[in-house]
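Chemist:
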Amino acid sequence: MSWTKKILRVNLTEGTCAEEPLNMEWAEKYIGQRGLATKYLVEETDPKVDPLSPENKMIMATGPLTGTTAATGGRYSVITKGPLTGAIACSNSGGFFGAELKNAGWDMIILEGKSPKPVYLSIENDKAQLVDAGDLWGKSVWDTEDLIKEARGDSNIRVAAIGKAGENLALFAGIINDKDRAAGRSGVGAVMGSKNLKAVAVRGTLGVSVADPMKFLAAANAGKKVLAENAVTGEGLPTYGTQVLMNVINEVGALPSHNGGAVQFDGASKIGGEAMHEERATDGKKNLVSNHACFGCPISCGRVSQLDRTHFTVEGTDKYSEPSGGLEYEAAWALGAATDVDDLEALTYVNFLCNEEGMDPISLGSTIAAAMELYEAGKITDAETGGLALKFGSAEALVKAAQMTAAGEGIGKDIGLGSKRLCEKYGSPDASMSVKGQEFPAYDPRGIQGMGLTYATSNRGACHLRSYTVASEILGIPEKTDPLTTDGKAGLVKAFQDATAVYDSAGICIFTSFAWTLDDVTPQIDADLEGEWTSDRLLEAGERIWNLERQYNIAAGFTGKDDTLPKRILKDAAKTGPAEGKTSGLDVMLPEYYQLRGWNADGVPSSETLSRLGV
Amino acid sequence: MKIRIKLYATLGKYLPKGAARNETEIEVADGASPADVIRGLGMPAELCHLVLVDGNYVAPSERDATPLKEGESLAIWPPVAGG
Ligand code: SF4
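Sequence order for the protein chains is A and B. Here the first sequence stands for residues 0 to 614, numbered as in numbering that gives the first Met the number 0. Here the second sequence stands for residues 0 to 82, numbered as in numbering that gives the first Met the number 0.
1. In the DSSP output, what is Asn55 of chain B paired with across the bridge?
2. Please confirm whether Ala84 of chain B has its beta-carbon closer than 8 Å to some beta-carbon of chain A.
3. For Leu236 of chain A, which option in A:Asp265, A:Ile544, A:Thr404 and A:Cys296 has the closest C-alpha, if you only look at C-alpha atoms?
4. In whole angstroms, what separates the C-alpha of Glu105 of chain A from that of Asp561 of chain A?
5. Any chance the segment 229-248 of chain A sits against the segment 267-286 of chain A, with 3 or more Cβ pairs inside 8 Å?
6. With which residues is Met358 of chain A paired in a DSSP beta bridge?
7. By the criterion of Cβ-Cβ separation under 9 Å, what are the contact partners of His463 of chain A in chain B?
8. Going by DSSP in three states, Pro20 of chain A sits in which element: helix, strand or coil?
9. Pull up the distance between the alpha-carbon of Ser52 of chain A and that of Trp76 of chain B, whole angstroms please.
10. Check the Cβ of Val57 of chain B against every Cβ in chain A and list those closer than 7 Å, keeping chain order.
11. Just to confirm the assignment, what range does the beta strand (DSSP E) spanning Val199 of chain A have?
12. Closer than 6 Å is what we want: which residues have a beta carbon that near any heavy atom of the ligand SF4? List them in chain order.
13. Please report the straight-line C-alpha distance between Asp35 of chain B and Gly475 of chain A, rounded to a whole angstrom.
14. Under a CB-based cut-off of 8 Å, is Leu49 of chain B close to chain A?
15. In whole angstroms, what separates the C-alpha of Val57 of chain B from that of Val130 of chain A?
16. Going by DSSP, name the residue or residues bridged to Met59 of chain A.
17. Classify Leu421 of chain A as helix, strand or coil using the three-state DSSP reduction.
18. Residue range of the alpha helix (DSSP H) that Lys214 of chain A falls in?
19. Consider the Cβ of Phe351 of chain A: report whether some Cβ of chain B lies at a distance smaller than 8 Å.
20. Closer than 9 Å, Cβ to Cβ, to anything on chain B: give me those residues from the segment 442-454 of chain A, in chain order.
21. Do we get a CB-CB distance below 8 Å when we pair Gly30 of chain B with the residues of chain A?
22. At 3 residues or longer, what runs of the beta strand (DSSP E) sit wholly inside the segment 122-147 of chain A?
23. Using alpha carbons as the reference points, say which of A:His291, A:Leu528, A:Ala98 and A:Asn552 lies closest to Tyr239 of chain A.
24. Which residues in the same chain as Ser433 of chain A place their Cβ atom closer than 8 Å to its Cβ, once the five residues preceding and following it in sequence are excluded?
25. In the DSSP assignment, what are the bridge partners of Gly530 of chain A?
26. If you run the structure through DSSP and keep just helix, strand and coil, what is Lys5 of chain B?
27. Taking the CB atoms as reference points, tell me whether Lys101 of chain A and Thr65 of chain A lie closer together than 8 Å.
28. Let me make sure I understand the geometry here. Which of A:Ala396, A:Gly506 and A:Thr347 has the alpha-carbon closest to that of Leu35 of chain A?
29. Could you give the DSSP three-state label for Ser268 of chain A: helix, strand or coil?
30. Which first and last residues belong to the beta strand (DSSP E) in which Leu464 of chain A is found?
31. Would you decide whether Gln305 of chain A is buried or exposed? Buried here means 16 or more other CB atoms lie within 10 Å of its CB.
32. In chain order, what residues of the same chain lie with their CB nearer than 6 Å to the CB of Asn229 of chain A, ignoring the 5 residues before and after it?
33. Is Ser289 of chain A helix, strand or coil when you go by DSSP?
34. Could you work out which residues of chain A lie near Ala74 of chain B, taking near to mean beta carbons separated by less than 7 Å?
35. For the beta strand (DSSP E) that contains Thr23 of chain B, what are its first and last residues?
36. Given that a residue counts as buried once 16 or more other Cβ atoms are within 10 Å of its Cβ, and exposed if not, what is Glu69 of chain B?
Rendered as structure tokens:
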């Protein structure tokens, strides 16, 4: 089986690295990665812990399919208590790091305590050690990776690192691996920074075995065939990436713009997937250079972009002269539509900066949008911005604010708090487009009703990747539902949440679910692991994971009252598009959702539900 | 009558000349349906996955029976997704 049954426990306070066996009883119940690491976090930490204290732990976890030949089997997740939210944090990333970790013989790394000085964790197969990182502290993610590879004389090492944002404890700092793949959300990079851990560098050459190799090969190949033959995963995503959604979501009137003040953005067509394919007037080149795949991924949805050398962000410098990880839809939306900035090159530049210095572009863009609203309302003044005119639509303001946030300077320090704290500080709490402290992504709940319930109930704060009902409500996958009605959305959200927990715990990318159902995943897990795995068993595990996360949050102090949305979404009707006149119908959906979940009216799982699931 | 036609992703190649940012105005017969426009532009119906009139979804079974009105926007995508 692909489990190495080995955990690496790193005590940063003591400077020790120790091997211990994986708890297989828990692996049977929680699958791996997101589910299994959450179980470890629940068992080992106090949910009331200060997320940035040494008592919080940070777990880097693989799933049972990570490192195997299953399509997209390269994922890992970072599980910890999130400083942005105070809730469970679980950030999933692709690239190559996760597969390398599994190939080095480790299922999971548990990082605890706090190092007295900056260090990085070096893993070469079974050899793990903490290495002084005094010379790396203050360096970007990109320089850190290059310097580690150079110092160790091995260009095949895979590195996950924080940049200046993580060091400065920006509350939405992310961890970046392979230079442009991110465990981006909820501030997991700040937790890493609080532990004085600059990077984890892994080299693994041991290989990954599965329980039944022939059966596994057949199952993995069958899965790949489904992906290749599906129009979305076989053609749509490789060609246009996630950015194809910009014009779709604008057209259906669910593209939050002007910090949630509007649901459509005039500049959408200038910053979407099609625009990345267009030749620029200035240099005749396209923003998009190529697509790019994570480990073992036949879909290859990633974007590689090159900046226009005449653009103000890089003119006269040699900065970012190489192609790099380009805009994905969420980043383009947050940095662009949310701030009313329609300058594709400026958005690409800030996206590079997010990768280089380790920031979540969703929270960054949304928080800058909130800061723009506060500036235009006179709540933030030139005194705070140092004279920067933080106005909607200003590419210069966006770029400067992003640079200041990465560096932790001036108004950037306040932006680094995230929009909830920023807006509270400046006396306008309703200007924060967040749930449980986390900024919501690129779908307006007034125009896509299921996403309102998704954001309100997501265990890690507002998030589209916990139940992507957009697939059904807009894109017709697996079947079309009406985005403007609340009918049936409670059941839809629950179904997506439970299934997504399976994908996130298995070591594969959620984008496979545009083509696969659980019945495509199950044979791969069943051949990979010992024992019998059925879709029902997996789905029950998904529900168990959801309830375990919920229990963690309740113990951390959250209640049903936190399952809500910004006032703007609940009270101010959409002004244009198909959703004109509509607000979110959360009040209708939430009680039905609680009931379907087997939770009481306050959103607390009943003892019957918990015992049925064995939580 | 005039309508706005918007064709995205791989369907962009079916746009009439002079279109900018994936859209343009076209002249269609009064009461033409989305299916009429799709046929008129030579687009394979099976590639027209997401068909929206002024942002509202038109199911495949309704594409022949929904007359367009002057000034409406007809936007079409092949099967796409993102996240
Ligand atoms: S679909 Fe995209 S994000 Fe997912 S593994 Fe493949 S390249 Fe990475």
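Backbone N, C-alpha and C fix where the C-beta goes; we use that ideal spot for every residue, glycine too.
Modeler: Concretely, from the data shown:
1. Paired residues: B:Val52.
2. With chain B covering 0 to 82 only, the question about residue 84 of chain B has no answer from this structure.
3. Checked all of A:Asp265, A:Ile544, A:Thr404 and A:Cys296; the closest Cα to Leu236 of chain A is A:Cys296.
4. Rather than Glu, the amino acid found at residue 105 of chain A in this sequence is Trp. In a straight line, the C-alpha of Trp105 of chain A is about 37 Å away from that of Asp561 of chain A.
5. In this structure the segment 229-248 of chain A touches the segment 267-286 of chain A; the number of beta carbon pairs closer than 8 Å is three or more.
6. Answer is A:Ala172, bridged to Met358 of chain A.
7. Neighbours of His463 of chain A across chain B, judged by C-beta separation under 9 Å: Gly82.
8. Of the three classes helix, strand and coil, the one that applies to Pro20 of chain A here is strand, per DSSP.
9. Their backbone Cα atoms lie some 49 Å apart in a straight line.
10. Simply none; closest approach about 11 Å.
11. That run of the beta strand (DSSP E) goes Leu196 to Arg202.
12. Going by the Cβ distance cut-off, the answer is A:Thr71, A:Gly93, A:Ala292, A:Cys293, A:Cys296, A:Ile298, A:Ser299, A:Cys300, A:Gly301, A:Cys508 and A:Phe510.
13. Rounded to whole angstroms, Asp35 of chain B to Gly475 of chain A spans 22 Å at the Cα level.
14. Answer yes: the Cβ-Cβ gap between Leu49 of chain B and chain A drops below 8 Å somewhere.
15. Spanning the two alpha carbons is a distance of roughly 60 Å.
16. In DSSP, Met59 of chain A forms a bridge with A:Val77 and A:Ile108.
17. Of the three classes helix, strand and coil, the one that applies to Leu421 of chain A here is helix, per DSSP.
18. In the DSSP assignment, Lys214 of chain A falls within the unbroken alpha helix (DSSP H) covering Pro212 to Glu228.
19. Using beta-carbon distances, Phe351 of chain A does not count as an interface residue toward chain B, since no partner is under 8 Å.
20. Hits within the stretch, in order: Gly446.
21. Chain A contact via Cβ: absent.
22. Within the segment 122-147 of chain A, the complete beta strand (DSSP E) runs of at least 3 residues are 126-131.
23. When only C-alpha atoms are compared, the closest one is A:His291.
24. Excluding its 5 nearest sequence neighbours in each direction, Ser433 of chain A has C-beta neighbours in its own chain below 8 Å: Ser365, Gly417, Ser418, Lys419, Phe439, Gly460, Ala461 and Pro565, listed in chain order.
25. Per DSSP, none; premise fails for Gly530 of chain A.
26. If DSSP states are grouped into helix, strand and coil, Lys5 of chain B belongs with the strands.
27. Yes, they are a contact pair.
28. Across the set A:Ala396, A:Gly506 and A:Thr347, the C-alpha of A:Gly506 shows the shortest separation from the C-alpha of Leu35 of chain A.
29. For Ser268 of chain A, the secondary structure class from DSSP, reduced to helix, strand or coil, is helix.
30. Unbroken run through Leu464 of chain A: none, as it is neither H nor E.
31. By the neighbour-count definition (other C-beta atoms within 10 Å, threshold 16), Gln305 of chain A is a buried residue.
32. Same-chain partners within the cutoff: Ala514.
33. Note: Ser289 of chain A maps to strand in three-state DSSP.
34. Annotation: Cβ neighbours of Ala74 of chain B in chain A (cutoff 7 Å, chain order): Glu250.
35. Unbroken beta strand (DSSP E) run through Thr23 of chain B: Glu22 to Glu26.
36. Classified as exposed, Glu69 of chain B has fewer than 16 neighbouring CB atoms from the shown chains inside 10 Å of its CB.
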